[in-house]
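Inspection log for the structure reproduced underneath, given as structure tokens.
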Amino acid sequence: QQQVKQSPQSLIVQKGGISIINCAYENTAFDYFPWYQQFPGKGPALLIAIRPDVSEKKEGRFTISFNKSAKQFSLHIMDSQPGDSATYFCAASPGYQKVTFGTGTKLQVIP
Amino acid sequence: DAGVTQSPTHLIKTRGQHVTLRCSPISGHKSVSWYQQVLGQGPQFIFQYYEKEERGRGNFPDRFSARQFPNYSSELNVNALLLGDSALYLCASSWGLAGGSTDTQYFGPGTRLTVL
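Going down the list, the protein sequences come from chains A and B. Heads up: the first sequence runs through residues 5 to 115, numbered per our numbering. Heads up: the second sequence runs through residues 2 to 117, numbered per our numbering.
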């Protein structure tokens, strides 16, 4: 049972553009929503995370928007750069453990 | 500071064999979790250990087992390997279980297991 649905599966954005990845969850026990970035051959690295008591969190070029009533959250990458090309996973968990991952979005930023 | 380390990096086994994967957490971290990442998919939770006790188990068959040692390192064992066990096995460590940002999980580079 897929508890975290992620879209799109792949995304091509021009350098300087905005990359947007969307996720939806079902389990209302989830209260921690991290985003991970994974480069080929590497493990996932925590990018940014949010708790449901806030609707938005920004760190540099990365912003999470969170809609608790709709059970949806999204990642916005502003001024996308070729170095941002990677696979991005949204995730959710009760607390900070036993993380349930989405299916991933392969982002390609073209010059 | 050293991050989470895993060994071996790559491993090739045949069906029916047994495999042991190893993980060393970040210094000071007491919790270790294991995830399986099949190619093209997100990681799936297998086990969590804290202070040498199992604190969570995902939806995996009994062929999968794990343990945590007094130094907080961990082993994941898989018996009677199947072709479908081919995946990247990730270990993640955290200081504790829940309650604050210090309990964020940090992932290792993984062990790539190929079952022929």
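Beta carbons are placed, not taken as given, at the ideal position from N, Cα and C, and that holds for glycine.
Assign B:L84 to one of three DSSP states: helix, strand, or coil. helix
Which residues mark the beginning and the end of the beta strand (DSSP E) in which B:V33 is found? 32 to 38
Own chain partners of B:S74 with C-beta closer than 6 Å, once the 5 adjacent residues on each side are dropped: S25
Give the residues of chain B in contact with A:K46, contact being defined as C-beta atoms less than 9 Å apart. F108, P110, G111
Per DSSP, which residues does A:I52 bridge with? Please list them. A:W39
Assuming B:F65 and B:V79 form a contact by the criterion Cβ under 8 Å, report the distance between their Cβ atoms to the nearest whole angstrom. 5 Å
Which word fits A:K102, buried or exposed, when buried means at least 16 other C-beta atoms lie within 10 angstroms of its C-beta? buried
Residues in the same chain with beta-carbon distance under 6 Å from A:S14, minus the five sequence neighbours each way, listed in chain order, please. K110
How far does the beta strand (DSSP E) with B:T112 in it extend, from its first residue to its last? 112 to 116
CB-CB under 7 Å to A:G106, same chain, minus the five flanking residues each way: which ones, in chain order? V8, K9, Q10, C27, F93, C94, A95
How do the segment 104 to 113 of chain B and the segment 49 to 64 of chain A stand: do at least 3 beta-carbon pairs fall below 8 Å, yes or no? yes
Should A:T107 be flagged as near chain B, meaning a C-beta pair shorter than 7 Å? yes
Tell me the residue span of the beta strand (DSSP E) that contains B:Q45. 45 to 51
Sufficient close CB pairs (3 or more, under 8 Å) joining the segment 60 to 75 of chain A to the segment 24 to 44 of chain A: yes
Is there at least one Cβ from chain B nearer than 7 Å to A:K102's Cβ? yes
Output yes if chain A places a C-beta closer than 7 Å to the C-beta of B:P44; else output no. yes
Roughly how many angstroms lie between the CA atoms of B:Y51 and B:F61, to the nearest whole one? 19 Å
B:R58 - partner residues in DSSP beta bridges: B:F48
Closer than 7 Å to chain A by CB, B:G85: no
Per DSSP, which residues does B:T21 bridge with? Please list them. B:N78
Rounded straight-line distance, which links the Cα of B:G29 to that of B:A3: 11 Å
Taking Cβ-Cβ distances below 7 Å as the criterion, which residues of the segment 50 to 63 of chain B are in contact with chain A? G57
Spatial neighbours of B:G100 within its chain, please: C-beta separation below 6 Å, excluding the five flanking residues on both sides. Any reading at B:G100 needs caution, since the residue's pLDDT is 48, under 50, leaving its predicted position unreliable; the model's value is listed next. None.
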